[in-house]
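Asks:
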Amino acid sequence: MREPANIKVLLERIRPAYIGLILYPPSPRFIRAELTDYYARLTLPKVGVFVNEPNEAVLKQVEVLALQVVQLHGKETPEQVAALRQSLPREVEIWKVASVGNAVDWKQLEAYVPHSSHLLFDTQVKGYGGSGQQFNWELLQDYPFDMPFIVSGGITEDSAAKLLDLAEGLPQLAGVDINSKFELVPGLKNILALERFTKALNKEYHDRNKS
181 MREPANIKVL LERIRPAYIG LILYPPSPRF IRAELTDYYA RLTLPKVGVF VNEPNEAVLK
241 QVEVLALQVV QLHGKETPEQ VAALRQSLPR EVEIWKVASV GNAVDWKQLE AYVPHSSHLL
301 FDTQVKGYGG SGQQFNWELL QDYPFDMPFI VSGGITEDSA AKLLDLAEGL PQLAGVDINS
361 KFELVPGLKN ILALERFTKA LNKEYHDRNK S
């Protein structure tokens, strides 16, 4: 997210667990530099989304924006992630994104596990971010790690039942990362759509857990 008025309404009406700040300059969702102080003062936990940035640049943004999470969305190597983990404050988490096509290379991802707090699975596309496409979630059924993970990519208002199906078989599922399907324009969230999705998710959960 980027715009203060949009963020204000989100915090008043939904209060998500995290808010994402895109720190990838080519993205149409790239944050506004003149609002750096505003972003830094936000009390909701902030996820800074980076793509192939040098560790020094990531560390600077963590300090300037008071980030709680670093999401690495590029081709960062396990060695780079390990070095970043050593340099970050202990309380700052690393979420490594895995782009999923027709299969998941669990062996390759295993190298990131010691240095990350979560894995985040998104749809493999050309370029980075906000494709609105959904990968085959059945590929996650063989998830081999104890570490929690997050699902992203093409999640819509109608995804509640499918998400809970996934969670029932995989207790490591810790959350969802929603983006382009819940936007009016890039960087501006559709609050009404988010409210409908939240209500649908809660209703589906309670319906499944009625005594």
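Under the working numbering, think of the first position of the sequence shown as 181, with each following residue one higher. We put the beta carbon where it would ideally sit given N, CA and C, even for glycine.
#1: With which residues is Ala278 paired in a DSSP beta bridge?
#2: Near Leu374, what residues of its chain come up, given a Cβ to Cβ distance below 6 Å and the 5 sequence neighbours on each side ignored?
#3: On a CA-only basis, which of Arg209, Gly334, Tyr204 and Glu348 is nearest Glu384? Give me that one, please.
#4: Report the residue from Trp286, His295, Glu256 and Lys287 whose alpha carbon sits nearest the alpha carbon of Arg265.
#5: Return the CA-CA distance between Gln237 and Ala197, expressed in angstroms with no decimal places.
#6: Let me know if Gly307 comes out buried or exposed under the rule of 16 or more other beta-carbons within 10 Å of its beta-carbon.
#7: Rounded to a whole number of angstroms, what is the C-alpha to C-alpha distance between Gln321 and Glu214?
#8: Less than 8 Å between the CB atoms is what I'm expecting for Arg209 and Ile202, so what's the real figure, rounded?
#9: Among the candidates Thr378, Asn389 and Tyr204, whose CA atom is the shortest distance from the CA of Glu337?
#10: Among Val280, Asp285, Lys240 and Asp387, whose alpha-carbon lies nearest the alpha-carbon of Pro269?
#11: Distance, Cα to Cα, Lys188 vs Ile274?
#12: Give a yes or no on whether the minimum CB-CB distance between Ala237 and chain B is below 8 Å.
#13: For the beta strand (DSSP E) containing Val229, list its first residue and its last residue.
#14: Indicate, with yes or no, if the ligand ADP has a heavy atom lying under 7 Å from the CB of Ala185.
#15: Checking 8 Å against the spacing of the C-beta atoms, do Val277 and Phe325 come in under that value?
#16: Who are the near neighbours of Arg212 in its chain, counting only those whose CB is closer than 7 Å to its CB and skipping five residues on each side?
#17: Helix, strand or coil for Ala263, going by three-state DSSP, please let me know.
#18: Just confirm the distance between the C-beta atoms of Leu190 and Ile371, as a whole number of angstroms; I'd bet it's less than 8 Å.
Replies: Let's see:
#1: Counting from one through the sequence shown, the residue named residue 278 turns up at place 98. In the DSSP output, where bridge partners are listed per residue, Ala278 has Phe301.
#2: Position 194 of the sequence shown, counting from 1, holds the residue named residue 374. So the qualifying residues of the chain are Ile194 and Phe362.
#3: Residue 384 sits at position 204 when you count from the first residue of the sequence shown. Looking at the Cα atoms, Glu348 is the closest of the given residues.
#4: For the purposes of this step, residue 265 is identified with residue 85 of the sequence shown, where counting begins at 1. When each option's Cα is compared against that of Arg265, the closest is His295.
#5: Looking up residue 237 in the sequence shown gives position 57. Looking up residue 197 in the sequence shown gives position 17. Per the sequence presented here, residue 237 reads as Ala, with Gln not at that position. Roughly 25 Å between the two C-alpha positions.
#6: Against the sequence shown, residue 307 aligns to sequence position 127. When all chains shown are included, Gly307 counts as exposed.
#7: Reading the sequence shown from its first residue, position 141 is the one you call residue 321. Reading the sequence shown from its first residue, position 34 is the one you call residue 214. Taking the straight line from one Cα to the other gives about 43 Å.
#8: Taking the sequence shown and counting its residues from 1, the one referred to as residue 209 is at position 29. Taking the sequence shown and counting its residues from 1, the one referred to as residue 202 is at position 22. Correct: roughly 4 Å between the Cβ atoms.
#9: Locating residue 337 in the sequence shown gives position 157, counting from the first residue. If we check each option's Cα against that of Glu337, Thr378 comes out closest.
#10: As a first step, residue 269 is located in the sequence shown; it is residue number 89 there, counting from the start. Ranking the options by Cα distance to Pro269, first place goes to Lys240.
#11: Position 8 of the sequence shown holds residue 188. Position 94 of the sequence shown holds residue 274. Taking the straight line joining both Cα atoms gives about 26 Å.
#12: The chain inventory of the structure shown lacks chain B, comprising one protein chain alone.
#13: Sequence index remark: in the sequence shown, residue 229 carries index 49 (1-based). Here the beta strand (DSSP E) through Val229 covers Lys226 to Phe230.
#14: For the ligand ADP, the structure offers nothing, since it holds no ligand at all.
#15: Position 97 of the sequence shown holds residue 277. Position 145 of the sequence shown holds residue 325. No, the Cβ-Cβ distance between Val277 and Phe325 is not below 8 Å.
#16: Walking along the sequence shown from the start, residue 212 turns up at place 32. So the list reads Arg182, once near-sequence residues are dropped.
#17: The sequence position of residue 263 within the sequence shown is 83, counting from 1. Three-state DSSP puts Ala263 in a helix.
#18: One-based indexing of the sequence shown puts residue 190 at position 10. One-based indexing of the sequence shown puts residue 371 at position 191. Ile371 and Leu190 do touch by the CB rule: their CB atoms are close to 6 Å apart, below 8 Å.
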